[in-house]
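Read through the structure below, which is laid out as structure tokens, and then see the notes.
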Ligand code: XUL
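Residue numbers (this note's numbering): 1 to 523.
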């Protein structure tokens, strides 16, 4: 009998599912529910609730629960063999937090299949909305926690990262300071990942070492809660946080809610979820230390795996636990695909194909034109006052502006990843924009490195499905090896290889200095 596993990815704009057949080494099903389109009653735009303060970005935990109901209903309708799934795992947009009251644990244990998840969960929140990773409203709290922990270097070496506005610790502190009564009513703080895992498991789920490291609360080397960080964040936090655990570890059988309502196998294991980036590491097959990937998604991320924990003393990069053991380093740029979309809209470019053609029409280096792409407050480098800036670039030239935004994004990645000291032989690329060869050529030239595309657009959900398989094999004492497990699922697309052009690479070596000085000027 085929061994089937389900991976879910609760990301910023959608909830996705991937089902794998482990024996056939095949993805047998993929589906996404787009939040704005499928659940308009929650009134999100790109998965985010409207707010007058441009620095505040929240979403609704009920929206994510509603999407889970919809996705399971869709899978049932599509004839997915839910009764044969052996384990479910998942991943979530990182850093986002859910605040649950003292009723939550009992409600999770007794989810009523006659009601929707939204109806079941209406009374369990101590805070209606969830701050998500796009939020940059906690600069003050970041400074307070960083100071108590002894500065950037110490904060990074203890928790894996300097304090960041979107990280959960500073967000918790802001909630505690601004809404002390609601904070007092919070019995459990969950991440997006652990909240969703709790629904599947029917009990409060642990937080894993991958997503836990995105909180400024976990000791990155010991992989337990760091009590100094907890104390610096908010009083009584120790009691409100769940256990930390390895991602993919079995929590128990799935909640009867999903069995009775959608026909999920009653013996299927619910497992610990992780963050979307740690899951992508698995989905892209980055098992060996020194491997590097770039994801061109809502956020652009640059990540690689490493065996030993090495943190960024300058405080720009992050270290998270990797679901495959060891660590993963990551740099996150908020102005990713949404910034590219803004340029596309600004110049009324019909589609991405046309965008790529315009990029291809312009020369590497863009005749010296540079555009700083900060439509939104940026994470790396830290930009609190958004705004795009042009240097030696004609605002009226659509093609030059298309090239300029992507060149800037790639130059910024190269500049700000230097601390990792990795010289990869090849870079794997995934995410929406990775389908365009003109863009990939820019990437290969800027990084002066061979680039390979991974076809699976849902690399995070695939990683989650593989994590479910790993967790199930561990629970069955079968001592799985990650390399063997991912083999066959994650091969680069044949013929997708792009080599750097030597001349263009030289141009970008020089342009890096100009880009760095433009950034410096602007900041
Ligand atoms: C990573 C980060 C983003 C979110 C997006 O630190 O903030 O990549 O995980 O889903």
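Even glycine gets a Cβ: it sits at the ideal position worked out from N, Cα and C.
The structure displayed is predicted, hence computed values, not measured ones.
Exercise. Comparing the CB of residue 133 with every heavy atom of ligand 1, is any distance shorter than 7 Å?
Worked result: The count along the chain shown starts at 1 and reaches residue 133 at position 133. At least one heavy atom of ligand 1 is nearer than 7 Å to the Cβ of residue 133, so yes.
Exercise. Going by the beta-carbon positions, is the gap between residue 46 and residue 93 smaller than 8 Å?
Worked result: Indexing the chain shown from 1 puts residue 46 at position 46. Indexing the chain shown from 1 puts residue 93 at position 93. Going by C-beta atoms, residue 46 is not nearer than 8 Å to residue 93.
Exercise. When every heavy atom of ligand 1 is checked, does at least one fall within less than 7 Å of the C-beta of residue 142?
Worked result: In the chain shown, the residue the question calls residue 142 occupies position 142. No, Cβ of residue 142 sits at least 7 Å from all heavy atoms of ligand 1.
Exercise. How is residue 170 classed by DSSP in three states: helix, strand or coil?
Worked result: Within the chain shown, the letter at position 170 stands for residue 170. Judged by DSSP in its simplified three-state form, residue 170 adopts helix.
Exercise. Out of curiosity, what's the CA-to-CA distance linking residue 200 and residue 303?
Worked result: Here the question's residue 200 lines up with position 200 in the chain shown. Here the question's residue 303 lines up with position 303 in the chain shown. Rounded to whole angstroms, residue 200 to residue 303 spans 29 Å at the Cα level.
Exercise. Residue 3 and residue 86 look like a contact to me (Cβ under 8 Å); what is the Cβ gap, rounded to whole Å?
Worked result: Taking the first residue of the chain shown as 1, we reach residue 3 at position 3. Taking the first residue of the chain shown as 1, we reach residue 86 at position 86. Cβ-Cβ separation between residue 3 and residue 86: approximately 6 Å, consistent with a contact (criterion under 8 Å).
Exercise. Helix, strand or coil: how does DSSP classify residue 88 here?
Worked result: By 1-based counting over the chain shown, the position of residue 88 is 88. In the structure shown, residue 88 sits in a strand (DSSP, three-state: E or B).
Problem set entry | Alpha-carbon to alpha-carbon, residue 431 and residue 297 | Counting from 1 along the chain shown, the entry for residue 297 is found at position 297. Counting from 1 along the chain shown, the entry for residue 431 is found at position 431. Distance between the alpha carbons of residue 297 and residue 431: 5 Å.
For this session: Kindly give me the distance between the Cβ atoms of residue 411 and residue 400, rounded to whole angstroms, as I take these residues to be in contact under 8 Å.
Result: One-based indexing of the chain shown puts residue 411 at position 411. One-based indexing of the chain shown puts residue 400 at position 400. 15 Å between Cβ atoms; not a contact.
Exercise. In chain order, which continuous runs of the beta strand (DSSP E) of length 3 or greater are located wholly inside the stretch 41-118?
Worked result: Whole beta strand (DSSP E) segments, 3+ residues: 85-92 and 97-100.
Exercise. Among residues of its own chain, excluding the 5 on either side of residue 223, which ones have a beta-carbon nearer than 7 Å to its beta-carbon?
Worked result: The residue labelled residue 223 in the question sits at position 223 within the chain shown. 209, 244 and 321, listed in sequence order.
Exercise. For ligand 3, any of its heavy atoms closer than 7 Å to the Cβ of residue 355?
Worked result: The model on display carries ligand 1 but not ligand 3.
For this session: Report the residue from 434, 436, 445 and 404 whose alpha carbon sits nearest the alpha carbon of residue 515.
Result: Taking the first residue of the chain shown as 1, we reach residue 515 at position 515. Considering only alpha carbons, the answer is 404.
For this session: Report whether the distance from the Cβ of residue 10 to the nearest heavy atom of ligand 1 is below 7 Å.
Result: The residue given as residue 10 occupies position 10 in the chain shown. Because no heavy atom of ligand 1 lies under 7 Å away, the Cβ of residue 10 does not count as near it: no.
Problem set entry | Identity of the residues DSSP links to residue 378 by a beta bridge | In the chain shown, the residue the question calls residue 378 occupies position 378. Looking at the DSSP output, residue 378 sits in a beta bridge with 383.
For this session: Output the distance between the C-alpha atoms of residue 388 and residue 408, rounded to the nearest integer angstrom.
Result: Counting from one through the chain shown, the residue named residue 388 turns up at place 388. Counting from one through the chain shown, the residue named residue 408 turns up at place 408. Within the model, the alpha-carbon separation for residue 388 versus residue 408 is close to 11 Å.
Exercise. Secondary structure at residue 29, three-state DSSP: helix, strand or coil?
Worked result: Taking the first residue of the chain shown as 1, we reach residue 29 at position 29. Correct three-state label for residue 29: strand.
Exercise. Between the stretch 57-69 and the stretch 247-257, are three or more C-beta pairs nearer than 8 Å?
Worked result: These segments do not touch.
Problem set entry | At least three beta-carbon pairs within less than 8 Å, the stretch 202-217 to the stretch 228-245 | In short, these stretches touch, since the Cβ pair count reaches three.
Exercise. What residues match up with residue 453 in a beta bridge as DSSP calls it?
Worked result: Residue 453 sits at position 453 when you count from the first residue of the chain shown. Note: residue 453 sits in a beta bridge opposite 429.
Exercise. Any idea if residue 1 is buried or exposed, counting beta-carbon neighbours within 10 angstroms, 16 or more meaning buried?
Worked result: Looking up residue 1 in the chain shown gives position 1. Exposed, because fewer than 16 other Cβ atoms sit within 10 Å of the Cβ of residue 1.
Exercise. Do you know offhand how far residue 379's Cα is from residue 150's?
Worked result: By one-based count along the chain shown, residue 379 stands at place 379. By one-based count along the chain shown, residue 150 stands at place 150. If you take the alpha carbons of residue 379 and residue 150, they lie about 21 Å apart.
For this session: Name the two residues that bound the continuous beta strand (DSSP E) containing residue 391.
Result: By one-based count along the chain shown, residue 391 stands at place 391. Per DSSP, the unbroken beta strand (DSSP E) holding residue 391 starts and ends at 389-391.
Exercise. Excluding five sequence neighbours on each side, which residues of the same chain lie with their C-beta closer than 6 Å to the C-beta of residue 368?
Worked result: For the purposes of this step, residue 368 is taken as the residue at position 368 of the chain shown. Exclusion of the five residues before and after residue 368 leaves 392 as the residues of its chain whose Cβ lies within less than 6 Å of its Cβ.
Exercise. Mind checking whether the beta-carbon of residue 382 lies closer than 7 Å to any heavy atom of ligand 1?
Worked result: Indexing the chain shown from 1 puts residue 382 at position 382. Not so, every heavy atom of ligand 1 lies at least 7 Å from the Cβ.
Exercise. Can you tell me the Cα-Cα spacing of residue 498 and residue 361, whole angstroms?
Worked result: Sequence index remark: in the chain shown, residue 498 carries index 498 (1-based). Sequence index remark: in the chain shown, residue 361 carries index 361 (1-based). C-alpha separation (whole angstroms): 18 Å.
Problem set entry | Cα-Cα separation between residue 184 and residue 192, rounded to whole angstroms | For this step, residue 184 is matched to residue 184 along the chain shown. For this step, residue 192 is matched to residue 192 along the chain shown. Taking the straight line from one Cα to the other gives about 20 Å.
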